[in-house]
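Here the structure is laid out as structure tokens; the discussion comes afterwards.
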Amino acid sequence: MLKAVKVRLYPTTEQEIALAKSFGCARWYYNYALNACIQHYEETGKSLKLSVYKAYLPQLKVEHPWLKEDCYSAVLQCVAINLNRAYTNFFEGRAKFPRFKSKHHKQSIQYPQNVKVVGDCLEIPKIGVVKAVFHRPVEGKVKTVTISKTPTDKYFASILCEVENSGSQCKSDKTLGIDLGLKDFAIVHDGNEVTKYSNPKHLKRHERNLARKQKKFARKVKGSHSRNKYKKLVAKVHERVSNSRQDFLHKLSRKLVDESQVIIVENLNVKGMVRNRKLSKSISDVGWGIFINFLDYKLKRKEGQLVEIGRFFPSSKTCSICDHVVDELTLDIREWDCPKCNTHHDRDGNAALNIRNEGIRILSMDGGNPVLAVPRRSKTNKPKGGRASVNEAGSLHSPLGGV
Ligand SMILES: [Zn+2]
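Numbering (my numbering), first residue to last: 653 to 1055.
Structural data, given as structure tokens:
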């Protein structure tokens, strides 16, 4: 099993220069190869193969000796592989067309081998022994190491390790249904009771600060020293927002995965929803997509399962007791009574329980191994182990589900 550990790096000034050179070489070669791909396509109507632009390297190193002196050669091999992956992602509809790399954005390079953990440091070819801060020990065999520099000038290493599958996780085997929302971030039903986790609204807390700094930044003369300073300040606020969001999503997903074996969520077409202008800011801020990914990989590690049910399943409008579906339930109705069995429902708790029941129904349909019925548009339609996605045709309800 692969496991990633992220550590902060504290390079010396010389090491920073060496890193800047390596970033520069990787960026240069990426842009060179991308340009070659584009030209080749314009001339022939065909795409350039990975092996072709990989084979440019020896000649390029002769023409540009710094490419050999300043950068570890395996890093450049990785660049070629990454460009090839960017193209594949584009062709399979998962990503936009690859873009040229700019030195003004986040920088990163990958080492497929030969990075070693030495005490409190990382030994990196061509860079040296760099001071690092580990929050957890690096276990197993080190595979790929990605070194990056953020727009706020921080350095990180993401270390991918191959570890033995421990399988001795604590035995909590609940099945949780989760309804994701805006007011409450997650409404969780375990079959007996509902737990609500409120939405921390990360962006909101920093909004005024961000707006003020962005305004100042916009007023500065292009290329001036103070413009650069404000650019960094704006990037810092963004970093803080994103850190607190990640922290929240990691902690909550860890908690839920620790208490369960199966988690059922609605397959939210987050991208489609973000197009709703009025809500787009809150929806991007809330991070449902990231949350589902966190649940997925954490469950996989303990051999649990994430089940996604179709987003047209009427989770809010169905009575979880008698399965009666009401015609309409506008977003402002938070509690309602079932006209058929008279049960009084809390809107969100009822939706979470329905999601749970629907997931269990799907799981039991095929011996606990649901097959992919309708893939999410063109995206990620490969059923990754442990993650099932099933789309049920049902009455169309609000695309915002249980908001
Ligand atoms: Zn009912």
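Just so you know, even glycine gets a beta-carbon here, dropped at the ideal spot from N, CA and C.
- Only buried fits residue 972, as 16 or more other CB atoms lie within 10 angstroms of its CB.
- Bridge partners of residue 979 according to DSSP: none are assigned.
- Distance from the CA of residue 867 to the CA of residue 881, rounded to the nearest whole angstrom, comes to 13 Å.
- In this structure, residue 841 keeps its C-beta atom at 7 Å or more from the C-beta atom of residue 1013.
- By alpha-carbon distance to residue 727, the top candidate from 739, 798, 662 and 792 is 798.
- Counting along the chain, residue 692 sits inside the alpha helix (DSSP H) bounded by residues 665-696.
- Burial is judged here by how many other beta carbons sit within 10 angstroms of a residue's own beta carbon; residue 705 has at least 16 and is buried.
- Rounded to the nearest whole angstrom, the C-alpha separation of residue 986 and residue 999 is 5 Å.
- In terms of Cβ geometry, residue 708 and residue 699 do not form a close pair [threshold 7 Å].
- Under the 10 Å beta carbon count, residue 675 is surrounded by 16 or more other beta carbons and is classified as buried.
- In the DSSP assignment, residue 656 forms a beta bridge with 812.
- Any heavy atom of ligand 1 within less than 6 Å of a residue's beta carbon puts that residue on the list, which reads 971, 973, 974, 976, 990, 992, 993 and 995.
- Residue 690 holds the alpha-carbon nearest to the alpha-carbon of residue 750 among 715, 902, 690 and 968.
- In this structure residue 913 is in contact with residue 956, their Cβ atoms being roughly 5 Å apart against a cut-off of 8 Å.
- The stretch 869-877 makes no contact with the stretch 785-795; the number of CB pairs closer than 8 Å stays below 3.
- Residue burial is scored here from C-beta neighbours: residue 968 has at least 16 other C-beta atoms within 10 angstroms and is therefore classed as buried.
- Shortest Cα-Cα distance from residue 814 to any of 794, 803, 828 and 831 involves 794.
- The DSSP-derived three-state label of residue 973 is coil.
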